[in-house]
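Enquirer: The UniProt record's numbering numbers the first residue of the sequence shown as 1 and each following residue consecutively. Could you have a look at this structure, given as structure tokens, before my questions?
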Amino acid sequence: ITTLNKDFIIDEKQIIRARNAGATVILLIVAALSEERLKELYDYATELGLEVLVETHNLAELEVAHRLGAEIIGVNNRNLTTFEVDLQTSVDLAPYFEEGRYYISESAIFTGQDAERLAPYFNGILVGTALMQAENVAQRIKELQIDKG
Numbered sequence: 001i002t003t004l005n006k007d008f009i010i011d012e013k014q015i016i017r018a019r020n021a022g023a024t025v026i027l028l029i030v031a032a033l034s035e036e037r038l039k040e041l042y043d044y045a046t047e048l049g050l051e052v053l054v055e056t057h058n059l060a061e062l063e064v065a066h067r068l069g070a071e072i073i074g075v076n077n078r079n080l081t082t083f084e085v086d087l088q089t090s091v092d093l094a095p096y097f098e099e100g101r102y103y104i105s106e107s108a109i110f111t112g113q114d115a116e117r118l119a120p121y122f123n124g125i126l127v128g129t130a131l132m133q134a135e136n137v138a139q140r141i142k143e144l145q146i147d148k149g
């Protein structure tokens, strides 16, 4: 089972703790790190055998993730300054996606319609709040699943 350590990672010690806790994937947020530090932490994590989800919020950050060589790139629909959410963030960045990478849309995904809207552009979605607020988690998961053939 893939297990994501979703934290604001800024130090190698956090990566070790994540691995020791059973994480198979860590989150690195472009907005929280310099490009140099991002590369150091990315390289460190991959050397330990972890996968890295590199989170972006805008085109400039997406370009950083591409330069880094990130294989898994997240587009967070939540503005980290205002905490407002907008699925259009993901849709707007999709034309800049590159072949051979996996793209995940994060946050603000609550319904099957939201998932359908993102399906043409993304390999997956990261859902948290919608599941935490669901009365029937299994049913909510079924609603969010998209058959991409």
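In this text, a Cβ means the ideal position worked out from N, Cα and C, and glycines have one as well.
What do you get for tyrosine 96, buried or exposed, if any count of 16 or more other CB atoms within 10 angstroms of its CB means buried?
Expert: exposed
Enquirer: Leaving aside the five residues before and after arginine 67 along the sequence, list all residues of the same chain whose C-beta is less than 8 Å from its C-beta, in chain order.
Expert: Cβ within range, chain order: Glu35.
Enquirer: Look at the alpha carbon of glycine 74 and the alpha carbon of alanine 45, and state the distance between them as a whole number of angstroms.
Expert: 17 Å
Enquirer: Measure the alpha-carbon distance for lysine 142 versus alanine 134 and round it to whole angstroms.
Expert: Rounded to whole angstroms, lysine 142 and alanine 134 show a C-alpha spacing of 12 Å.
Enquirer: What are the complete alpha helix (DSSP H) segments, minimum 4 residues, inside the segment 58 to 146?
Expert: 59 to 68, 88 to 93, 112 to 118, 129 to 132 and 137 to 144
Enquirer: Taking the alpha helix (DSSP H) that isoleucine 16 belongs to, which residues open and close that run?
Expert: 12 to 20
Enquirer: Just to confirm the assignment, what range does the alpha helix (DSSP H) spanning leucine 41 have?
Expert: 35 to 47
Enquirer: Considering only the alpha carbon of each residue, which of Ala18, Thr56, Ile10 and Thr111 lies closest to aspartate 92?
Expert: Thr56
Enquirer: For aspartate 114, which option in Gly100, Tyr102 and Arg140 has the closest C-alpha, if you only look at C-alpha atoms?
Expert: Ranked by how close their Cα comes to the Cα of aspartate 114, the residues Gly100, Tyr102 and Arg140 have Arg140 in first place.
Enquirer: Report yes if the C-beta distance between leucine 28 and isoleucine 9 is below 7 Å; otherwise report no.
Expert: yes
Enquirer: Can you give me the C-alpha to C-alpha distance between glutamate 12 and glutamate 98, rounded to a whole angstrom?
Expert: 28 Å
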